Every structure is written in C-alpha cells, then in structure tokens.
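There are 2 protein chains.
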Amino acid sequence: MGTTAKALSLLDHFSRARPAIGLSELARLAGHSKATCYRLMGELIDHGLAEQVPGGTDYRIGPAVLRLASLREAAVPMRDAALPVVQRLAVAVGETAHVSHLVAGRLVTLAFAYGAPSGMQVLMEDADVLPFHATSSGQAVLAFLPHARVDAILAGPLGAATPATLRDPDVVRARIAATRARGWASTEDTFESDVSSLAVPLFDAAGQVLGAMAVAAPSTRMKQAARGPILRRLVAAAAEVMGAWGGQAPAELIALWRGIERDQG
Amino acid sequence: MGTTAKALSLLDHFSRARPAIGLSELARLAGHSKATCYRLMGELIDHGLAEQVPGGTDYRIGPAVLRLASLREAAVPMRDAALPVVQRLAVAVGETAHVSHLVAGRLVTLAFAYGAPSGMQVLMEDADVLPFHATSSGQAVLAFLPHARVDAILAGPLGAATPATLRDPDVVRARIAATRARGWASTEDTFESDVSSLAVPLFDAAGQVLGAMAVAAPSTRMKQAARGPILRRLVAAAAEVMGAWGGQAPAELIALWRGIERDQG
DNA sequence: ACCGTTGGTTCATTATACGAACCGAACAGC
DNA sequence: GCTGTTCGGTTCGTATAATGAACCAACGGT
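See below:
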C-alpha cells in the first residue's frame, strides 16, 4: 500500500458518530504505529485536510475539504442537480427519497429529502455509507455493475456484521439477477426493521453505474397497492437526474422502465 | 517534502478556471515527472479524491470531497453559522459581504452574500483564494497573526504578480501596524480598480486568528460618510459570527470595537 | 510519412517512510 | 506521595516504497 493511500485512509475513520479521534486511538483503528499516524496526520494538517481541535490534541477533518467540495460542485454539480429532483419526488410520494453515489467502492448518500414536514418518515443523514447487501440502493447498483467489481465489493469488509444468509454468494447473486431482470430493487425489513424501500440504478454517459435513487417508507405504508405509483414516480425522477447528469441507462433497462410506466398508467 | 504532501499539492492546481488537467500538464505544473504524477493521482483516485473525466483522460477533483465536506460541516458548522450572518449584513449595508477562512496558510472565501438582487455589486465566488497583501481581509488577518506566521506568509509565493511597493516588507509592516492599532482594515482600489472594502479579523476560542469578515463596495459608494454605519454593522456581525463559532476577540480589540459602536451611535 | 505531443509503463537507484523504544505529562487507585 | 497506565509526541537505524529517465503506442496536425 502506498504512503498516500495510508494517509487518506486515516480520514475514513472519521464519521458523524466519531468526529474527533486521538492519536493513540487512530493508530489502533488504522493498524499503524503512533509515529506513522503522527507523521501522516501532520501532512494532512499542513494541507488543511485535517486539524487538531483547538485547545485539545484530538484530530478531526480539516477546513480544506470545504474548498475542494465547492470546486467539485462548481465543476460537476451532481448534488445540485439531484437535490431538487429528490425533493419533488419525496413530496410526490409522501416518503423519504434519496440519491446515493458510488465513490471509491462505497455507496454514499449524496442527497435526500423527506416527503412530509411531520409525521412518521424514514430518517437519513448526508454522507452516510450504505451497505450494499441490505439496501435496495445497494442491490440496484450491484445488479448493473460488471461482475469483477461485484466480486471485489462482496469480498470487501461489507459483511462483517451481516447475517450469514445475506452473505451467502449464491443468495446475493440470485437477488442481483432478479433485480437486473425486472429493472428495480426492493428490500423489506433488511436494513432496518419495518422499513421497506424501492430503488433504481443511475448511469453515466458511458452506461456505467454511478449510484442509485430510492424511496424508503415504513413497511406498513409500503403495501403492494402503493408500490406501483411510487415506482413510476421513482423511475421518472431517476430519468430526470440522469438527464441532468448527462447519463444514459442501458437500452434494455429503458425498455423495462417503459413497461413500468405503462402499468396502471 | 513528504510523498503525501506531494500528492495533496496536486489538488491545489485545480480551480474554477481550471477544473480538469491532463497528465503531462499536471506534471509540468507540479514540477514532478509524469510517472510520479500518474502514481500519485492513482492513489487519490482510489480514495475518490480525484477522478478521470468519463470518456477522457483528464483528471479532476473527485466525489469523495463532498462526503468529507459534509462530515466537516456536521462536526464544525462554520459555514452554516456564518452564512445567515453575512446575508443579513449584506442586505443591511446594501453591499457585498463575505467571510474568509485561514486554512493551510491561505485565505479562502467561506461564505458571501450580495446586498441587492440587482444593480452594481462587487462579485465574488466561493472557495476563491484571496491575496493577503491586496485585500482588507488579508490585512485584517495579518495584523493579528503572530510575527512568525506573518513572515512565513510574506515569504511565500503570494506576491509574484504584486507591485513592488506593496511587497516592500516595511510598507507591509506599516500597514499591518496601523490596522492593528485601529482594529479594522481597509483597501481602496488595490485588489480591483474602483473597489473599496472594510474588514475585521475573526478569532477562535484561544484568541487565534481564524479569518476575516469584510464588506466590499464600489469606491464611488464607499465614501467617508458611508464608512461609519458600515463599520458598525460589520463589527456587530463579526461579533455574532465569533459567538456562533465559540470564538473570542482579544480584549484590546474588543475595546477598540466598543469605541466604533459609540461613534455616531 | 513525419514530427510533436499525448497518456501510460518499466526498472535500477535512492530517498523516504517505518516502528520499536523512548520521553515527560497527566491521571487513577491506593 | 507512590505506582502503574495512558496519553501525545520524538528519536534513529533499518527497510521499504518513491523516484524519474527512458521507453511505448496512439493521436493530430502539416
């Protein structure tokens, strides 16, 4: 592993639940020596990607990421383009909607919106990492990813805390095949109890999977009758986002989606 | 220089004006060999901090920075806290207002707002890097920075395109001393012709300079009579932002600002 | 067909990163 | 006050990983 990769992977240990980490703990988490972490964090700090909390010694993510994110969105406004669409989708179906983005082998929440200002809704947070095996978004992505990348992801550390039944490669592959055949993914009570969701994949201009768009609802409201309208609106919203991103779904998927739109037209 | 520092400094060559760069050009800009840049960019790409533009070979900033920025703002909501304040300030004075942040030795625009939806206003962009010597924000920061850091900054590459008169260390130090003595900085036609601005520094809880808040206006409107009201509102807004950030101005500066508030009460 | 440029790759040389051991400080239990 | 543990940070000889000149093949203009 390269030195730069080590340094950058240190940043992966920070999250909403763990916004600041001390040197010894970080060394333990990363599996490096304290000296190594100290030097690497020093380099990250020099460039503002990390900083020490004022008045303390813990480390946290630095302010330079704001500048980079601003430049990224100025160059490639994916979030800007997706957010209004998920907002309209959420309101239209009355449930939580979100778009996730496949980045460096992880599925990250890019934008989300709630369908109602009050009442019961599935809660989310930006920048969350979604497990592939237990979310409809993850399945939608896996279903349209090249086999090699699917294998790489399934071989990764995703399933350490996953029930064996879901980790079984045959089971996973069967779910993936079914998802690819019908053009959309669904889960019931797998990621979280009493939560059901529907998802469709999103593609770039070359037909590569970029992420997914999904609607998540309490299982009590996601009845069979409710799925048709939600799915149709979800497909339309996905097409809109892909249009804004300059993406293009594979021809076979477009045909499947046309069929969905016709159902109960 | 460490390997990680080299890799991260590659990201510094991307900007709004230059959102994508090819391998050879990047190697030329960074002063490394193509092989080195290729490897370093590869490591950045593995972590999503960079990516190759789909369908091409140029490199650009990657999507992982969005996740990091989201985590940063969740942990330390500096921009969230500053934005509404600058928006109110801009409307109150009818001119462009902005907050800049000192990160890794550079002064970066963190948030800004225009004072009117139409008519003549000083334009800005997020994530811009401000030159220390030619902006009121830069002078406000330099005036309250430890001498050692001032020297480090003035020795940096900031002044390559700067008129000699402004680069003269004695001149710079005189301006800094004057700014410190009165508690606020101002410029007229230095950064851009016909633009005048007023700025005050911002501090963290330990009394370290974090950045600056400023109001920029066309010189024709920034007359002597207009400065009093603008300065008073600027000081009040700066205090509000520092409160939200958990910061604290040095006692001597607070005294100076009290005097400003009393003038033409 | 030529020339200059591009993105990408190879490999022997060398500079860089590494971690065990160490330090002083802070803190808890006794 | 003493002891043991943990903390953030530092040192230094060793070993690993980074380096860039030279080299491809491919593309575009003349």
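Sequence lines, in order, name chains A and B.
Residues 0 to 264 in numbering that gives the first Met the number 0 are what the first sequence spells out, letter by letter.
Residues 0 to 264 in numbering that gives the first Met the number 0 are what the second sequence spells out, letter by letter.
The beta carbon of each residue, even a glycine, is placed where N, CA and C say it ideally should be.
It should be emphasised that the depicted structure is a prediction, and the values quoted were computed from it without experimental measurement.
- Contact list for the segment 8-40 of chain A against chain B, Cβ threshold 9 Å: Result list: Ser8, Leu10, Asp11, Phe13, Ser14, Arg15, Pro18, Ala19, Arg38 and Leu39.
- Item | Separation of A/Ala68 from B/Glu251, as counted between CA atoms | If you number the second sequence from 1, residue 251 of chain B lands on position 252. If you number the first sequence from 1, residue 68 of chain A lands on position 69. Roughly 37 Å between the two C-alpha positions.
- By how many angstroms is the C-alpha of A/Gly246 removed from the C-alpha of A/Val75? Here residue 75 of chain A refers to the residue found at position 76 of the first sequence. Here residue 246 of chain A refers to the residue found at position 247 of the first sequence. The alpha-carbon atoms of A/Val75 and A/Gly246 are separated by roughly 13 Å.
- Buried or exposed (CB count within 10 angstroms, at least 16 for buried), A/Gln138: Looking up residue 138 of chain A in the first sequence gives position 139. So A/Gln138 counts as buried.
- Whole runs of the beta strand (DSSP E) within the segment 100-127 of chain B, excluding any shorter than 3 residues: Qualifying beta strand (DSSP E) stretches, in chain order: 105-112.
- Task: Tell me whether A/Val199 sits in a helix, a strand or coil according to DSSP, three-state version.
- Result: Here residue 199 of chain A refers to the residue found at position 200 when the first sequence is read from its first residue. A/Val199 sits in a strand when the DSSP states are folded into three classes.
- Message: For a quick check, are the C-beta atoms of B/Ser99 and B/Ser135 less than 8 Å apart?
- Response: Counting from 1 along the second sequence, the entry for residue 99 of chain B is found at position 100. Counting from 1 along the second sequence, the entry for residue 135 of chain B is found at position 136. Between B/Ser99 and B/Ser135, the gap from beta carbon to beta carbon reaches 8 Å or more.
- Message: Please report the straight-line C-alpha distance between B/Ala213 and B/Gly104, rounded to a whole angstrom.
- Response: Within the second sequence, numbered from 1, the residue matching residue 213 of chain B stands at position 214. Within the second sequence, numbered from 1, the residue matching residue 104 of chain B stands at position 105. Looking at the two C-alpha atoms, the distance is approximately 19 Å.
- Under the rule that 16 or more other beta-carbon atoms within 10 Å means buried, what is A/Leu122, buried or exposed? Residue mapping note: residue 122 of chain A aligns to position 123 of the first sequence, counting from 1. With fewer than 16 other Cβ atoms inside 10 Å of its own Cβ, A/Leu122 counts as exposed.
- Do you know offhand how far B/Ala96's Cα is from A/Val234's? Position 97 of the second sequence holds residue 96 of chain B. Position 235 of the first sequence holds residue 234 of chain A. Using only the alpha carbons, I get a separation of about 42 Å.
- Item | Reference B/Leu106, options B/Ser117, B/Val90, B/Asp125 and B/Lys222, closest by Cα | Locating residue 106 of chain B in the second sequence gives position 107, counting from the first residue. The candidate whose alpha carbon is nearest that of B/Leu106 is B/Asp125.
- Thinking C-alpha only, which one of B/Met77, B/Leu129 and B/Leu7 is nearest A/Pro62? The residue you call residue 62 of chain A lines up with position 63 of the first sequence. When the alpha-carbon of A/Pro62 is set against those of B/Met77, B/Leu129 and B/Leu7, the nearest one is in B/Met77.
- Between the segment 53-80 of chain B and chain A, which residues of the former have a C-beta closer than 9 Å to a C-beta of the latter? Against chain A - using a Cβ distance shorter than 9 Å - the residues of the segment 53-80 of chain B are Pro53, Gly54, Arg59, Ile60, Gly61, Pro62, Ala63, Val64, Leu65, Arg66, Leu67, Ala68, Ser69, Leu70, Arg71, Glu72, Ala73, Ala74, Val75, Met77 and Arg78.
- Flag A/Thr3 as yes if its beta-carbon sits less than 8 Å from any beta-carbon of chain B, otherwise no. By 1-based counting over the first sequence, the position of residue 3 of chain A is 4. With respect to chain B, the C-beta atom of A/Thr3 has a partner C-beta closer than 8 Å.
- DSSP state of A/Thr269, grouped into three classes? Residue 269 of chain A cannot be examined here, being either before or after the span of chain A that is shown, 0 to 264.
- How do the segment 52-60 of chain B and the segment 77-95 of chain B stand: do at least 3 beta-carbon pairs fall below 8 Å, yes or no? Look at the beta carbons and you see the segment 52-60 of chain B not touching the segment 77-95 of chain B: under three pairs across the two are nearer than 8 Å.
- Contact set between B/Asp203 and chain A, taken where Cβ atoms lie within less than 9 Å: Reading the second sequence from its first residue, position 204 is the one you call residue 203 of chain B. Ordered by position in chain A, the residues that pass the 9 Å Cβ test against B/Asp203 are Pro53 and Gly54.
- Item | Option nearest B/Ala269 by Cα separation, candidates B/Val140, B/His12, B/Ala19 and B/Asp45 | The structure shown has nothing for residue 269 of chain B, since chain B only spans 0 to 264.
- Query: Roughly how far, in whole angstroms, is the beta-carbon of B/Ala110 from the beta-carbon of B/Val85, given that I think they are within contact range, below 8 Å?
  - Reply: For this step, residue 110 of chain B is matched to residue 111 along the second sequence. For this step, residue 85 of chain B is matched to residue 86 along the second sequence. Indeed they touch by this definition, with Cβ atoms about 5 Å apart.
- Task: With distances taken Cα to Cα, identify the nearest neighbour of B/Asp127 among A/Leu153, A/Val52, A/Ala216 and A/Arg71.
- Result: Reading the second sequence from its first residue, position 128 is the one you call residue 127 of chain B. Comparing Cα-Cα distances from B/Asp127 to each of A/Leu153, A/Val52, A/Ala216 and A/Arg71, the minimum goes to A/Arg71.
- Message: Any beta carbon from chain B within less than 8 Å of A/Gln247's own beta carbon?
- Response: In the first sequence, residue 247 of chain A corresponds to position 248, counting from 1. Among the CB atoms of chain B, none fall inside 8 Å of the CB of A/Gln247.
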